[in-house]
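Same order as they appear, the protein sequences are chains U and W. For the first sequence, full-length UniProt numbering assigns the number 208 to the last residue and increments by one with no breaks. For the second sequence, full-length UniProt numbering assigns the number 208 to the last residue and increments by one with no breaks. For every residue, glycine included, the Cβ atom is placed at its ideal position computed from N, Cα and C. These numbers were taken from a predicted model, which means no experiment stands behind them. Each remark here refers to the structure printed beneath this line.
2 protein chains.
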Amino acid sequence: MTISDSQDGRRLTARGARTRARIVAAAADLMYVQGVGGTTLDDVLAASGVSKSQLYHHFEGKDALVRAVVDLVGERVLDRERDALGRVSTLRGLRRWRDALVRNNALRHGAYGCALGALASAVADQDDLARKALANLFTEWQELLTDVLRRLRDAGELPPDASVERLATGLMGALQGGYLLAQTAHDVTPMATSLDMALAYLESVSAG
Amino acid sequence: MTISDSQDGRRLTARGARTRARIVAAAADLMYVQGVGGTTLDDVLAASGVSKSQLYHHFEGKDALVRAVVDLVGERVLDRERDALGRVSTLRGLRRWRDALVRNNALRHGAYGCALGALASAVADQDDLARKALANLFTEWQELLTDVLRRLRDAGELPPDASVERLATGLMGALQGGYLLAQTAHDVTPMATSLDMALAYLESVSAG
DNA sequence: ACAAGAGTGGACTATAGAGTCCAGTAAGAT
DNA sequence: ATCTTACTGGACTCTATAGTCCACTCTTGT
Numbered sequence: 001m002t003i004s005d006s007q008d009g010r011r012l013t014a015r016g017a018r019t020r021a022r023i024v025a026a027a028a029d030l031m032y033v034q035g036v037g038g039t040t041l042d043d044v045l046a047a048s049g050v051s052k053s054q055l056y057h058h059f060e061g062k063d064a065l066v067r068a069v070v071d072l073v074g075e076r077v078l079d080r081e082r083d084a085l086g087r088v089s090t091l092r093g094l095r096r097w098r099d100a101l102v103r104n105n106a107l108r109h110g111a112y113g114c115a116l117g118a119l120a121s122a123v124a125d126q127d128d129l130a131r132k133a134l135a136n137l138f139t140e141w142q143e144l145l146t147d148v149l150r151r152l153r154d155a156g157e158l159p160p161d162a163s164v165e166r167l168a169t170g171l172m173g174a175l176q177g178g179y180l181l182a183q184t185a186h187d188v189t190p191m192a193t194s195l196d197m198a199l200a201y202l203e204s205v206s207a208g
Numbered sequence: 001m002t003i004s005d006s007q008d009g010r011r012l013t014a015r016g017a018r019t020r021a022r023i024v025a026a027a028a029d030l031m032y033v034q035g036v037g038g039t040t041l042d043d044v045l046a047a048s049g050v051s052k053s054q055l056y057h058h059f060e061g062k063d064a065l066v067r068a069v070v071d072l073v074g075e076r077v078l079d080r081e082r083d084a085l086g087r088v089s090t091l092r093g094l095r096r097w098r099d100a101l102v103r104n105n106a107l108r109h110g111a112y113g114c115a116l117g118a119l120a121s122a123v124a125d126q127d128d129l130a131r132k133a134l135a136n137l138f139t140e141w142q143e144l145l146t147d148v149l150r151r152l153r154d155a156g157e158l159p160p161d162a163s164v165e166r167l168a169t170g171l172m173g174a175l176q177g178g179y180l181l182a183q184t185a186h187d188v189t190p191m192a193t194s195l196d197m198a199l200a201y202l203e204s205v206s207a208g
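Listed below in structure tokens is the structure:
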């Protein structure tokens, strides 16, 4: 049985797929800590224990690798968020979601920020393909929030005329802005405060 | 407190100061569009019409130049914001501030994001000195917002027990997150929506 | 006026890092 | 069984870019 490569028409063996995955995973981890520009291909090779020809066998160049990293990180984040948000249908559940994100970010004192947000800021204006992929990932993430808010609305925790899409955008904005401020301050507080204000607004809408 | 080398004991003639300023201004403009990593020293030399020895006469290296860029961009943004926020004392004034930022960002369809936020994301985890400078700049910016909110509170547009510092953090978070989402989507809408939600919260606090 | 040091020009070096090549091995198709 | 192609290893090239050097010219203080 052959696994077809999603990129081009080439075949992809199980071994090849494993190598490719190791490369992307190593690149993603390095780029989260060192940044995209601060991570060299040699860094990636050393971390993944793979040779140069293997990297160039699987990717056209650094840009293609970065795009694969965007895909992987997007998948990781969305998996995590689907898990965290998939069954949330109360304001209390949303507050627990906030707590988990804040607690997790506090482990690093805010450093490195949001895996997706950092990538977005690094590549948005340099690689249009990657930018579009990231825009889609943000949209998907936001839709998870929209779904939660819709459930809140259906349960009467939000008024029937609440614009769940706009509220989800506001929530995502507060989250991303909070990540950035925390990353700059090396202190998770502004992220917590920023999210709290967004959640407080939901409460005020719910009460009104 | 500045992180530039303008006060390292060496004298600085008027001519030298002009050259130095030209270098930093060119670097700031290039880095806003191409990113920090995507801008080479040769780019900066070409854009400023200056020779390599001049650059190295005024800066120890690229890191020092980036720190000077942080200072300059910070000054520009804070000057603009002092001007925009200095006399605002009503919610309506704050909404006009929002309109101006959104209108300005719409000119580029969100591209490049916030000059300060983009620098922060690029530099925060690579250069601790620059990170601290950026953290201070964000704090100053936020204080301008705190002052506005304090005036709103004094005028009765916010309740006496409103936590103006926390509200300012939320406002700044919404702004920065909005910038990032707009930059990724190449569409100013999420920035407008994000800010609108923060302002709507202020209104709800004011009404409550 | 003139010494000292700030400022300038641009050729030069060093090297990190992207990207190439080719010889060889594993693995799926028939 | 063997043919084809995916896959691997690592030495190699090439170039972009950071950083050096030195000879020269302004500016300023005394």
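Which full runs of the alpha helix (DSSP H) of 4+ residues lie inside the UniProt domain "HTH tetR-type" (17 to 77) of chain W, going along the chain?
-> 41 to 48, 52 to 58
Count the other C-beta atoms from every protein chain shown that fall within 10 angstroms of the C-beta of residue 58 of chain U, then say buried if there are 16 or more, exposed otherwise.
-> Looking up residue 58 of chain U in the first sequence gives position 58. Counting Cβ neighbours within 10 Å, residue 58 of chain U comes out buried, since at least 16 surround it.
Report all residues from its chain with a CB closer than 6 Å to the CB of residue 194 of chain U; omit the five preceding and five following residues, and keep chain order.
-> Position 194 of the first sequence, counting from 1, holds the residue named residue 194 of chain U. So the list reads 174, 177, 178, once near-sequence residues are dropped.
Endpoints, the alpha helix (DSSP H) within which residue 198 of chain U is located = Along the first sequence, one-based indexing puts residue 198 of chain U at 198. From DSSP, the alpha helix (DSSP H) with residue 198 of chain U extends over 189 to 207.
How close, in whole Å, do the beta carbons of residue 130 of chain U and residue 70 of chain U come, if the pair is a contact with beta carbons under 8 Å?
-> Along the first sequence, one-based indexing puts residue 130 of chain U at 130. Along the first sequence, one-based indexing puts residue 70 of chain U at 70. Indeed, because the Cβ distance is near 5 Å, the residues count as touching under 8 Å.
Can you list, in chain order, the residues of its chain whose CB lies under 6 Å from that of residue 27 of chain W, leaving out five sequence neighbours each side?
-> Here residue 27 of chain W refers to the residue found at position 27 of the second sequence. Same-chain partners within the cutoff: 44, 65, 69.
Does the Cβ-Cβ distance between residue 190 of chain W and residue 198 of chain W come in under 8 Å?
-> The residue given as residue 190 of chain W occupies position 190 in the second sequence. The residue given as residue 198 of chain W occupies position 198 in the second sequence. Cβ distance not < 8 Å, so residue 190 of chain W and residue 198 of chain W don't count as in contact.
Report the partner residues of residue 80 of chain W according to the DSSP bridge assignment.
-> Here residue 80 of chain W refers to the residue found at position 80 of the second sequence. Note: residue 80 of chain W sits in no beta bridge, so no partner.
Distance, residue 85 of chain U Cα to residue 146 of chain U Cα | Reading the first sequence from its first residue, position 146 is the one you call residue 146 of chain U. Reading the first sequence from its first residue, position 85 is the one you call residue 85 of chain U. The straight-line gap from Cα to Cα measures roughly 10 Å.
Quick one: give me the first and last residue of the alpha helix (DSSP H) that residue 143 of chain U is part of.
-> In the first sequence, counting from the first residue as 1, residue 143 of chain U sits at position 143. Segment 128 to 154, the alpha helix (DSSP H) holding residue 143 of chain U.
Using a threshold of 8 Å, state whether the C-beta atoms of residue 204 of chain U and residue 32 of chain W are closer than that.
-> Sequence index remark: in the first sequence, residue 204 of chain U carries index 204 (1-based). Sequence index remark: in the second sequence, residue 32 of chain W carries index 32 (1-based). Result no, Cβ atoms of residue 204 of chain U and residue 32 of chain W do not sit closer than 8 Å.
List, in order along the chain, the chain W residues whose C-beta lies closer than 7 Å to that of residue 206 of chain U?
-> One-based indexing of the first sequence puts residue 206 of chain U at position 206. By Cβ distance, chain W contributes nothing, its closest Cβ being about 11 Å from residue 206 of chain U, past 7 Å.
Flag this pair as yes or no: are the beta carbons of residue 137 of chain U and residue 74 of chain U separated by less than 8 Å?
-> Locating residue 137 of chain U in the first sequence gives position 137, counting from the first residue. Locating residue 74 of chain U in the first sequence gives position 74, counting from the first residue. Yes, these two residues count as a Cβ contact at 8 Å.
Beta-carbon neighbours of residue 160 of chain U, restricted to chain W and to distances below 9 Å = Residue 160 of chain U sits at position 160 when you count from the first residue of the first sequence. Here the premise fails: no neighbours, minimum Cβ distance about 18 Å.
C-alpha gap between residue 185 of chain U and residue 14 of chain U, whole angstroms = Numbered from its first residue, the first sequence carries residue 185 of chain U at position 185. Numbered from its first residue, the first sequence carries residue 14 of chain U at position 14. Roughly 44 Å separates the two Cα atoms.
Cross-chain neighbours of residue 131 of chain U in chain W, by beta carbon under 9 Å = Stepping through the first sequence from its first residue, residue 131 of chain U is reached at position 131. What residue 131 of chain U touches in chain W: 183, 184, 185, 186.
Under 8 Å between the Cβ atoms of residue 167 of chain W and residue 149 of chain W?
-> As a position in the second sequence, residue 167 of chain W is number 167, starting the count at 1. As a position in the second sequence, residue 149 of chain W is number 149, starting the count at 1. It is a contact, given that the beta carbons lie within the stated cut-off.
According to DSSP, residues forming a beta bridge with residue 94 of chain W | Translated into the one-based positions of the second sequence, residue 94 of chain W becomes position 94. Residue 94 of chain W pairs with nothing; no bridge assigned.
Beta carbon proximity, residue 15 of chain W to chain U, threshold 8 Å | Position 15 of the second sequence, counted from the first residue, corresponds to residue 15 of chain W. No - not a single Cβ of chain U is within 8 Å of the one on residue 15 of chain W.
Are there 16 or more other CB atoms within 10 angstroms of the CB of residue 104 of chain W, so buried, or fewer, so exposed?
-> In the second sequence, counting from the first residue as 1, residue 104 of chain W sits at position 104. Label assigned to residue 104 of chain W: exposed.
Using a Cβ-Cβ distance under 8 Å, would residue 197 of chain W count as near chain U?
-> Locating residue 197 of chain W in the second sequence gives position 197, counting from the first residue. Yes, residue 197 of chain W lies at the interface with chain U (some Cβ there is under 8 Å from its Cβ).
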